[in-house]
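Here the structure comes first, spelled out in structure tokens, and everything after it is commentary.
In full-length UniProt numbering, the protein residues as written are 1 to 80.
Printed below as a string of structure tokens:
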């Protein structure tokens with residue numbers, strides 16, 4: 001089985017790339033991370049940080065307090 005990153009909950013903060021906020025009641029594959037080897041994941045109430053094996057850091061979700069470390073669209077995981 002190929003490892004993959006799954007997410008569910010409020011889709012505006014999941015990294016799924018959704019432009020509408022609605023609840024995902026079951027696991028959804030985070031396609032933007034399919035080719036990234038993941039080392040660690042850390043989640044807050046409305047944001048997510050993912051550390052890759054190569055040391056790269058990715059973020060998505062609410063950025064109300066600049067906790068995601070980047071600007072732009074945060075509905076999809078993006079490299080910091």
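Using N, Cα and C, we set each Cβ at its ideal position, and we do this for glycine too.
Name the two residues that bound the continuous beta strand (DSSP E) containing residue i.
{"i": "residue 27", "result": "23 to 29"}
{"i": "residue 39", "result": "38 to 43"}
{"i": "residue 5", "result": "That residue, residue 5, is in no beta strand (DSSP E); it is neither H nor E in DSSP."}
What does DSSP give as the partner residues of residue i in its beta bridges?
{"i": "residue 57", "result": "51"}
Hey, how far is the Cα of residue i from the Cα of residue j?
{"i": "residue 37", "j": "residue 6", "result": "14 Å"}
{"i": "residue 44", "j": "residue 62", "result": "9 Å"}
{"i": "residue 64", "j": "residue 75", "result": "13 Å"}
Where does residue i fall in DSSP's three states?
{"i": "residue 62", "result": "coil"}
{"i": "residue 32", "result": "helix"}
{"i": "residue 72", "result": "coil"}
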